[in-house]
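>
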Amino acid sequence: MELFDVYPLFDITIDKGKGCHVWDSEGKEYLDFYGGHAVISVGHAHPHYVDAISTQVAKLGFYSNSVQNPLQEAFASRLGKACGYQDYQLFLINSGAEANENALKLASFYNGRTRILSLEKAFHGRTSLAVEATANPKIIAPVNANGHVTYLPIDDIAAWRREIEKDDVCACIIECIQGVGGIRMVQADFLQQLKTLCEAHNTVLICDEIQCGYGRSGKFFAHQWLGVKPDIITVAKGICNGFPMGAVLISPKFSPVYGQLGTTFGGNHLACAGALAVLDIIEDEDLINNARSVGDYLISELRKLQGETVHIIDIRGRGLMIGIELDIPYKEPRLRLIKEEHIFTGCSGTNVIRLLPPLCVSRNDADRFISSFKKVLQ
Ligand SMILES: Cc1ncc(COP(=O)(O)O)c(C=O)c1O
855 MELFDVYPLF DITIDKGKGC HVWDSEGKEY LDFYGGHAVI SVGHAHPHYV DAISTQVAKL
915 GFYSNSVQNP LQEAFASRLG KACGYQDYQL FLINSGAEAN ENALKLASFY NGRTRILSLE
975 KAFHGRTSLA VEATANPKII APVNANGHVT YLPIDDIAAW RREIEKDDVC ACIIECIQGV
1035 GGIRMVQADF LQQLKTLCEA HNTVLICDEI QCGYGRSGKF FAHQWLGVKP DIITVAKGIC
1095 NGFPMGAVLI SPKFSPVYGQ LGTTFGGNHL ACAGALAVLD IIEDEDLINN ARSVGDYLIS
1155 ELRKLQGETV HIIDIRGRGL MIGIELDIPY KEPRLRLIKE EHIFTGCSGT NVIRLLPPLC
1215 VSRNDADRFI SSFKKVLQ
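Residue numbering for the sequence shown follows this note's numbering, starting at 855 and increasing by one per position.
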């Protein structure tokens, strides 16, 4: 059998990783400024993470959600403390799309409505309602195009108000820093007004923190920069450093109903052990502050570079979620970064380079990226 060929691939096989570095099958080292698509939070092959997962799988990797799982309870309590949402409830699944699917479903069970408002350029995943909430007609299959979603411009509160005042909107779903959309940041003022509108009209506010959350922005959640508490928060990617896991954080105003939500694999023992180890490492190594300080440093060095070189037209982002908009397609500089400088980065659209390194990235790594980036732009 051959693989279903859905991705254009680089001709590179990554074989092992350590911290912010990966090695290919020929032993060549690369700096990972992509984090495997913002997934690697605490660094590749962290010994504490490896130990937690290995010990757990040797003991019990999985058992069904029909029995008590103290690891889930331990994780819910630790996560609540780490992010400051101790009064929220936790539902565990296996991916980002699943987290959004369940968040939207919960919102609809809550207020009985079916309309969703989403941002232009939004990406929320590839399953049924998550993909419909994704503003990219190319990936919405006819069976998913059910007319539930209206896409609205970022920060245009008047446009959002017009829809919410119709009193039929189930939920607004927002990435406070859009990832796939090209590192576009929602303004505090917009989100605060949106929250007030949602409260007044019984609409649920969902923040998709799958890419921008879990410490990446320099706070636990990106929305925490904006002074708003969403009704539902979705996370995945960095939560288990590459082991598939997603989560929905649910405000106390929602009451669980047996049978409404469920999952076979979600919250399994192995995932919870890995996720607990990730929180240990984030705390022990002060990784959220590291994300903020190395991110600030990168942004200020990139701004200097913008003054010294051609092609950079905008630098956006917070912490370790940075977009560099170029006046040329990203294709050639990104490929040269990989082939000549041995640095992986992400990308967006046609001309944005996206930086999403692990949260343990150092200033030295940042310096290496800046000097390599300067070379490939010349
Ligand atoms: C903001 C956002 N939401 C949802 C998803 C979907 O996550 P997954 O691929 O784990 O389903 C992604 C993935 O890139 C994302 O960036």
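All C-beta atoms, glycine included, are put in the ideal place defined by N, C-alpha and C.
#1: The alpha helix (DSSP H) with D1168 in it runs from where to where?
#2: In its own chain, which residues sit with a C-beta less than 8 Å from the C-beta of L1006, not counting the 5 before and 5 after it?
#3: How would you call N1122, buried or exposed, if buried means at least 16 neighbouring beta carbons within 10 angstroms?
#4: What first and last residue would you give for the alpha helix (DSSP H) that runs through R932?
#5: With a threshold of 16 other CB atoms inside 10 Å of the CB of K1091, please say whether the residue is buried or exposed.
#6: If you follow the beta strand (DSSP E) that W1014 is part of, which residue opens it and which one closes it?
#7: Could you pull out every residue in the same chain whose Cβ sits closer than 6 Å to the Cβ of K959, ignoring the five residues on either side in sequence?
#8: When DSSP builds the beta bridges, which residues end up paired with W877?
#9: Is any heavy atom in ligand 1 found nearer than 7 Å to the beta carbon of I947?
#10: If we count the other Cβ atoms within 10 Å of its Cβ and call it buried at 16 or more, is H891 buried or exposed?
#11: Within 7 Å: the Cβ of A1090 and any heavy atom of ligand 1?
#12: Rounded to the nearest angstrom, what separates L1048 and S949 at their Cα positions?
#13: Do L885 and R1222 come within 8 Å of each other at the CB atom, strictly closer than that value?
#14: Can you look up A1025 in the DSSP assignment and give me helix, strand or coil?
#15: Quick check on the burial criterion: 16 or more other C-beta atoms within 10 angstroms. Buried or exposed for K1193?
#16: Within a Cβ cutoff of 6 Å, which residues of the same chain sit near V825, ignoring the five residues on either side of it in sequence?
#17: Based on Cα-Cα distance, which residue from F864, W877 and F887 lies nearest to L1174?
#18: So what does M1175 bridge to, in DSSP terms?
#19: So is N965 in contact with chain C if we call contact Cβ pairs under 8 Å?
#20: Given that a residue counts as buried once 16 or more other Cβ atoms are within 10 Å of its Cβ, and exposed if not, what is R1217?
#21: Using only the heavy atoms of ligand 1, determine whether one of them is closer than 7 Å to the beta carbon of V1034.
#22: Shortest alpha-carbon distance to I1093 belongs to which of Q1046, P1212, V997 and K872?
#23: So, do the stretch 905-921 and the stretch 1105-1119 have three or more beta carbon pairs nearer to each other than 8 Å?
#24: In whole angstroms, what is the alpha-carbon distance linking G1069 and A989?
#25: Can you tell me where the beta strand (DSSP E) with G1100 in it begins and where it stops?
#26: Excluding the 5 residues flanking D865 on each side, which residues of the same chain have their C-beta closer than 7 Å to its C-beta?
#27: Can you find the residues in the same chain that come closer than 8 Å, C-beta to C-beta, to T1004, ignoring five residues on each side of it along the sequence?
#28: Give me whichever residues DSSP pairs with M1039 in a beta bridge.
#29: Looking at the unbroken alpha helix (DSSP H) that takes in F1097, where does it start and where does it end?
#30: Could you give the distance in angstroms between the alpha-carbon of A951 and the alpha-carbon of I1028?
#31: Identify every run of the alpha helix (DSSP H) within the stretch 1175-1231, keeping only runs that are complete inside it and at least 4 residues long; order them along the chain.
#32: Over the uninterrupted alpha helix (DSSP H) stretch that includes D1140, give me the two end residues.
#33: Spell out a yes or no on whether the stretch 1078-1086 and the stretch 870-880 are touching, meaning 3 or more CB-CB pairs, one atom from each, closer than 8 Å.
#34: Whose C-alpha, out of A1125, A1042, R967 and A1076, is nearest the C-alpha of S908?
#35: Roughly how many angstroms separate the alpha carbons of G1033 and G1081, rounded to a whole number?
The structure says:
#1: Looking at the DSSP string, D1168 is not in any alpha helix (DSSP H); the run it does join, the beta strand (DSSP E), is I1166 to R1172.
#2: L971, S972, L973, E974, A1013, W1014 and E1017
#3: buried
#4: P924 to C937
#5: buried
#6: Taken as a continuous stretch (DSSP letters only), W1014 belongs to no beta strand (DSSP E), being part of the alpha helix (DSSP H) at I1011 to I1018.
#7: none
#8: K870 and E883
#9: no
#10: exposed
#11: yes
#12: 27 Å
#13: yes
#14: strand
#15: exposed
#16: In the structure displayed, the chain extends from 855 to 1232; residue 825 sits before or after that span and is not available.
#17: F887
#18: R1172
#19: The structure shown contains no chain C; it is built from a single protein chain.
#20: exposed
#21: yes
#22: P1212
#23: yes
#24: 25 Å
#25: G1100 to I1104
#26: none
#27: R969, I970, L971, S972 and E1017
#28: I1031
#29: No alpha helix (DSSP H) holds F1097; DSSP gives it neither H nor E.
#30: 14 Å
#31: 1185-1193 and 1217-1231
#32: It is not in any alpha helix (DSSP H) - D1140 carries neither H nor E in the DSSP assignment.
#33: no
#34: A1125
#35: 20 Å
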